[in-house]
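Numbering (the numbering used here), first residue to last: 77 to 381.
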């Protein structure tokens with residue numbers, strides 16, 4: 077192996093390719109383009125004097141050399157991470173990227189506040205916000221994600237979590253609409269206008285429908301949108317209503333968006349928002365700083381209205 081032609085970035089590409097068995101999946105994990113990952117694999121093949129991955133039917137399989145080397149590379153990367161823990165210092169001197177998975181209700185609210193803190197205290201640090209396309213913890217385990225923020229299922233033993241805040245859903249309408257001028261909503265008011273459903277999975281039914289059903293009522297969902305922010309903008313039209321988290325509603329009102337947020341006249345579940353990380357990053361000073369910055373961003377949130 078031509079060790080002088082290798083660096084940690086190439087070894088991380090090797091590790092990702094070996095774990096995923098695919099250039100495209102390795103590119104996703106490393107947040108690189110597929111061409112950049114392919115070029116890195118080419119440099120690895122030259123440096124290691126081995127194909128590393130070879131075609132087998134429709135897929136790719138590692139060579140015997142790559143299989144023997146994978147464990148040694150992982151040990152080297154772990155040693156490098158431990159060395160980094162011993163040499164970290166002032167956040168203003170750091171040069172790294174943090175990857176944070178965050179759901180669409182929280183990204184408009186927390187992302188700008190966290191970014192403001194990072195830009196002020198760690199000017200060479202970059203934040204990469206990842207859409208919550210799933211809630212799997214595997215991306216925390218393999219280091220693809222540094223932090224996972226949202227409403228999630230109970231954590232497995234190797235994942236650490238802390239509660240950031242709790243939230244409730246409110247009914248938002250245009251502040252100039254008929255419902256926007258009311259002091260409060262009744263069930264009749266709630267069911268009198270078409271609803272917009274905000275659902276990443278494209279659902280038109282949720283806890284509100286269960287509550288309405290218990291009261292012998294129904295609502296009409298006229299549109300389904302993929303995010304709460306889009307739902308709130310849809311509600312700017314007269315006589316359309318959307319349920320969104322109260323913290324998002326307060327954030328939009330604070331920014332001057334002309335919406336009115338009404339308490340929902342039905343009992344709905346309370347959402348508990350957590351931040352999560354893998355236990356391998358629990359003692360990492362840089363990761364701990366990121367988590368404390370997230371708490372500071374939460375403390376800067378507007379109070380629910």
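Heads up, the beta-carbon is just placed ideally off N, CA and C, and yes, glycines get one too. Keep in mind the model is a prediction, meaning the values are calculated, not measured.
- In chain order, 167 place their CB closer than 6 Å to the CB of residue 197, counting only its own chain and leaving out the 5 sequence neighbours on each side.
- For residue 217, the three-state secondary structure derived from DSSP is helix.
- For residue 265, the closest of 253, 274, 290, 276 by C-alpha to C-alpha distance is 253.
- Assignment of residue 321 by DSSP, reduced to helix, strand and coil, places it in the strand class.
- Around the beta-carbon of residue 179, 16 or more other beta-carbon atoms lie within 10 Å, marking it buried.
- With contact defined as three or more Cβ pairs closer than 8 Å, the segment 239 to 251 and the segment 316 to 325 are in contact.
- Under a 10 Å Cβ-count criterion, residue 286 is classified as exposed, with fewer than 16 other Cβ atoms of the shown protein chains found around its own Cβ.
- Counting along the chain, residue 112 sits inside the alpha helix (DSSP H) bounded by residues 110 to 124.
- Take residue 378, set aside five residues on each side of it, and the residues of its chain with a beta-carbon closer than 7 Å to its own are 326, 327, 330, in chain order.
- If you keep only unbroken alpha helix (DSSP H) runs of at least 4 residues inside the segment 165 to 253, you get 183 to 197, 214 to 217.
- By a beta-carbon distance limit of 8 Å, residue 272 does not contact residue 226. Their separation comes to about 21 Å.
- Between residue 347 and residue 242, the beta carbon gap of about 7 Å places them in contact (Cβ cut-off 8 Å).
- By the criterion of at least three beta-carbon pairs nearer than 8 Å, the segment 223 to 239 is in contact with the segment 348 to 365.
- Residue 282: not part of any beta strand (DSSP E); DSSP gives it neither H nor E.
- Only residues of its own chain outside the window of five on either side were considered, and among them 223, 236 have a CB closer than 6 Å to the CB of residue 353, listed in chain order.
- Restricting attention to 278, 113, 98, the CA atom closest to the CA of residue 134 is found in 98.
- Put simply, the backbone Cα of residue 127 is about 16 Å away from that of residue 95.
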